[in-house]
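The numbering of the sequence shown is the UniProt record's numbering, which starts it at 1 and goes up by one.
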Amino acid sequence: MPNFLTMSYTERAAHHTNQTAKDLLTLMDRKKTNLSIAADVVSKDALLKLADTFGPYICVFKTHIDIITDFDEDLITQLKALSEKHDFLIFEDRKFADIGKKQNPPSQTSSLPSNIPPTPFPQTGNTVVHQYASGIYKIASWSHITNAHPIPGEGIIKGLASVGLNLFSPTTASPLSRGLLLLAEMSSAGALTTGTYPSQAYTMACKNRDFVFGFIGQRRLSSEGTEEGDEPDFVYLTPGVQMASKGDDLGQQYRTPEEVVLESGCDVIIVGRGLYGAKDSKKAAEEYRRAGWNAYLKRIGMEVEA
Ligand code: BMP
């Protein structure tokens, strides 16, 4: 059985069946970074400035697009351009948590007298489908990665996959690779993601590997319940990372890059305030990049960077 923990990201990319995982893993080795920034700022200018400043150091730019007060389509155009300029993937941390597909109620029109027109409201349902594809933000059209809570059950994955796996580039008509992460565990104190919750998330992910390529989590999950020889590889992105602090006053809990990557077997460190709160952005970015990367090099038995 392959040991994904000691394989390089490139070797794992070659084995992976999911295109988003392949793209991310090869990007990480190409750019020598497993650092992601949590860009929790509230204006368009500030978001674009973070993407341009930290872009050279990161593999993933994580957004909360709904906190931007002056959002417009030009923001997306510029963010996509920066993602190409600096070679990073965009991850909208939307944390979908609604129903994937609801049963349509019996037709309202069939029982209406013929002189009453049908309801002007189309029967929508499919809540997460609309949340992902439509509305103001049209997340699926620009975000390579998004995430979902497994709490509603597998329907949420099916609903999101029906969008994410059916998108094509308007210019080349080739498929746009979109991928989903499931939130298996949260970093905050008192989170309810305990007991069998992470392993149930894991089972859901195993059944939907065409779209789900990994987890937001605090440790690599065990493969209990999977067939021998069919050990799937997942990519683990981990928030709650800082080197100078152990937490905040709202329950955030921080660990170091070494604890996350070397001890817990995760792949990508997500750092917010540790990066954009630093006095010297470039120095902090290089420190976190090197700490995450050296933890990975140690894990796969390679010599670390000086
Ligand atoms: P910071 O490093 O400043 O604490 O930011 C953490 C980021 O990671 C936030 O954007 C938050 O939404 C996200 N996050 C988290 O902190 N814990 C989780 O379990 C899941 C998250 O997405």
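Even for Gly, the Cβ is constructed at its ideal location relative to N, Cα and C.
Query raised in the report: Taking the continuous alpha helix (DSSP H) assigned at residue 92, which residues delimit it?
Result: Along the sequence shown, read from residue 1 onward, the residue named residue 92 stands at position 92. Note, residue 92: premise wrong, no alpha helix (DSSP H); beta strand (DSSP E) at 89–96.
Query raised in the report: Counting along the chain, where does the beta strand (DSSP E) carrying residue 145 start and finish?
Result: Counting from one through the sequence shown, the residue named residue 145 turns up at place 145. Annotation for residue 145: the continuous beta strand (DSSP E) segment containing it runs 145–148.
Query raised in the report: Taking the alpha-carbon positions, what's the residue 167 to residue 306 distance?
Result: By 1-based counting over the sequence shown, the position of residue 167 is 167. By 1-based counting over the sequence shown, the position of residue 306 is 306. Cα-Cα distance, rounded: 43 Å.
Report task. Check the C-beta distance from residue 128 over to residue 87 and give it rounded, since I have them as a contact under 8 Å. Result -> Residue 128 sits at position 128 when you count from the first residue of the sequence shown. Residue 87 sits at position 87 when you count from the first residue of the sequence shown. No, residue 128 and residue 87 are not in contact; Cβ-Cβ is about 30 Å, not under 8 Å.
Query raised in the report: Near residue 258, which residues of its chain fall below 6 Å by C-beta distance, leaving aside the five closest residues on each side in sequence?
Result: Start at 1 with the first residue of the sequence shown, and residue 258 comes out as number 258. Counting only Cβ-Cβ distances below 6 Å, and skipping sequence neighbours, we find 295.
Report task. Within 10 angstroms of the Cβ of residue 113, are there 16 or more other Cβ atoms? Answer buried if so, exposed if not. Result -> The residue labelled residue 113 in the question sits at position 113 within the sequence shown. Below a pLDDT of 50, predicted positions are generally treated as unreliable, and residue 113, at 45, falls in that range; no measurement from the model is reported.
Requested in this report: Quick one: residues in its chain with C-beta nearer than 7 Å to the C-beta of residue 106, no 5 flanking neighbours on either side, listed in chain order?
Outcome: Reading the sequence shown from its first residue, position 106 is the one you call residue 106. Legend: pLDDT at residue 106 = 43, less than 50; position of this residue unreliable, value from coordinates given subsequently. None.
Query raised in the report: What distance in whole Å lies between the Cβ atoms of residue 20 and residue 149, which are believed to be in contact at a cut-off of 8 Å?
Result: Counting from 1 along the sequence shown, the entry for residue 149 is found at position 149. Counting from 1 along the sequence shown, the entry for residue 20 is found at position 20. With a Cβ gap of about 19 Å, residue 149 and residue 20 do not count as contacting.
Query raised in the report: Going by beta carbon distance, what residues of the same chain come within less than 7 Å of residue 52, once the five residues before and after it are set aside?
Result: In the sequence shown, the residue the question calls residue 52 occupies position 52. Same-chain partners within the cutoff: 82.
Report task. Mark residue 196 as exposed unless 16 or more other C-beta atoms lie within 10 angstroms of its C-beta, in which case mark it buried. Result -> Along the sequence shown, read from residue 1 onward, the residue named residue 196 stands at position 196. Per the 10 Å Cβ criterion, exposed.
Query raised in the report: Mind checking whether the beta-carbon of residue 147 lies closer than 8 Å to any heavy atom of ligand 1?
Result: Position 147 of the sequence shown, counted from the first residue, corresponds to residue 147. Between ligand 1 and the CB of residue 147, the shortest heavy atom gap is smaller than 8 Å.
Requested in this report: Measure the beta-carbon distance from residue 220 to residue 188 and round it to whole angstroms, keeping in mind my assumption that it falls under 8 Å.
Outcome: Indexing the sequence shown from 1 puts residue 220 at position 220. Indexing the sequence shown from 1 puts residue 188 at position 188. Actually they are not in contact, since the Cβ atoms of residue 220 and residue 188 sit about 20 Å apart, beyond 8 Å.
**Report entry** Neighbourhood of residue 90 by C-beta distance below 6 Å, restricted to the same chain and skipping five residues each side
**Finding:** Taking the sequence shown and counting its residues from 1, the one referred to as residue 90 is at position 90. Answer for residue 90: 61, 83, 143 and 144, listed in chain order.
Requested in this report: Can you give me the start and stop residues for the beta strand (DSSP E) that residue 309 sits inside?
Outcome: Here the chain comprises residues numbered 1 to 306, so residue 309 is not present and cannot be evaluated.
Query raised in the report: How many Å lie between residue 58 and residue 275 at the Cα?
Result: One-based indexing of the sequence shown puts residue 58 at position 58. One-based indexing of the sequence shown puts residue 275 at position 275. Distance from the CA atom of residue 58 to the CA atom of residue 275, rounded to whole angstroms, is 11 Å.
Query raised in the report: Anyone know if the C-beta pair for residue 181 and residue 235 falls short of 9 Å?
Result: Indexing the sequence shown from 1 puts residue 181 at position 181. Indexing the sequence shown from 1 puts residue 235 at position 235. The answer is yes: Cβ separation under 9 Å.
Query raised in the report: Taking 8 Å as the line, does the beta carbon of residue 152 fall inside it for any heavy atom of ligand 1?
Result: On the sequence shown, position 152 is the one that residue 152 refers to. It does not: the Cβ of residue 152 is nowhere closer than 8 Å to a heavy atom of ligand 1.
Query raised in the report: Quick one: what's got a C-beta closer than 8 Å to residue 183's C-beta in the same chain, skipping five residues either side?
Result: Mapped onto the sequence shown, residue 183 falls at position 183. Cβ contact annotation for residue 183 (same chain, cutoff 8 Å, sequence separation greater than five): 95, 147, 148, 149, 150, 193, 201, 215, 216 and 217, in chain order.
Query raised in the report: Looking only at DSSP bridge pairs, what is residue 38 linked to?
Result: Sequence index remark: in the sequence shown, residue 38 carries index 38 (1-based). For residue 38, which the question treats as bridged, DSSP gives the partners 62.
Query raised in the report: Regarding residue 185 and ligand 1, is the C-beta to nearest heavy atom distance less than 8 Å?
Result: Position 185 of the sequence shown holds residue 185. Yes, ligand 1 has a heavy atom inside 8 Å of this Cβ.
Query raised in the report: When every heavy atom of ligand 1 is checked, does at least one fall within less than 8 Å of the C-beta of residue 239?
Result: Along the sequence shown, one-based indexing puts residue 239 at 239. Flag set: Cβ of residue 239 near ligand 1.
**Report entry** Cα-Cα separation between residue 56 and residue 31, rounded to whole angstroms
**Finding:** As a first step, residue 56 must be located in the sequence shown, where it is residue number 56. As a first step, residue 31 must be located in the sequence shown, where it is residue number 31. Looking at the backbone, the Cα of residue 56 and that of residue 31 are separated by about 9 Å.
Query raised in the report: Under 8 Å from any heavy atom of ligand 3, does the C-beta of residue 216 make it?
Result: Judged by which ligands are present, ligand 3 is missing from the structure shown, whose ligands are ligand 1.
Query raised in the report: Using the C-alpha atoms, what's the distance from residue 191 back to residue 185?
Result: Counting from one through the sequence shown, the residue named residue 185 turns up at place 185. Counting from one through the sequence shown, the residue named residue 191 turns up at place 191. For residue 185 and residue 191, the distance between alpha carbons rounds to 8 Å.
Query - Neighbour-count burial assignment, residue 63, 16 or more Cβ in a 10 Å radius - result: In the sequence shown, residue 63 corresponds to position 63, counting from 1. Around the CB of residue 63, 16 or more other CB atoms lie within 10 Å, so the residue is classed as buried.
Query raised in the report: Any idea what DSSP makes of residue 17, helix, strand or coil?
Result: Walking along the sequence shown from the start, residue 17 turns up at place 17. Here residue 17 sits in coil by DSSP.
Query raised in the report: Do residue 188 and ligand 1 come close, with the Cβ less than 8 Å from some heavy atom?
Result: One-based indexing of the sequence shown puts residue 188 at position 188. It does: the Cβ of residue 188 is within 8 Å (strictly closer) of some heavy atom of ligand 1.
Query raised in the report: Could you give the distance in angstroms between the alpha-carbon of residue 104 and the alpha-carbon of residue 238?
Result: Counted from its first residue, the sequence shown places residue 104 at position 104. Counted from its first residue, the sequence shown places residue 238 at position 238. With a pLDDT of only 47 at residue 104, under 50, the local geometry of the prediction cannot be trusted, and the value read off the model is given with reservation. Rounded to whole angstroms, residue 104 to residue 238 spans 37 Å at the Cα level.
**Report entry** 3-residue-minimum beta strand (DSSP E) runs that sit fully inside the stretch 229–271, ordered along the chain
**Finding:** As far as the stretch 229–271 is concerned, its whole beta strand (DSSP E) runs of at least 3 residues are 235–238 and 268–271.
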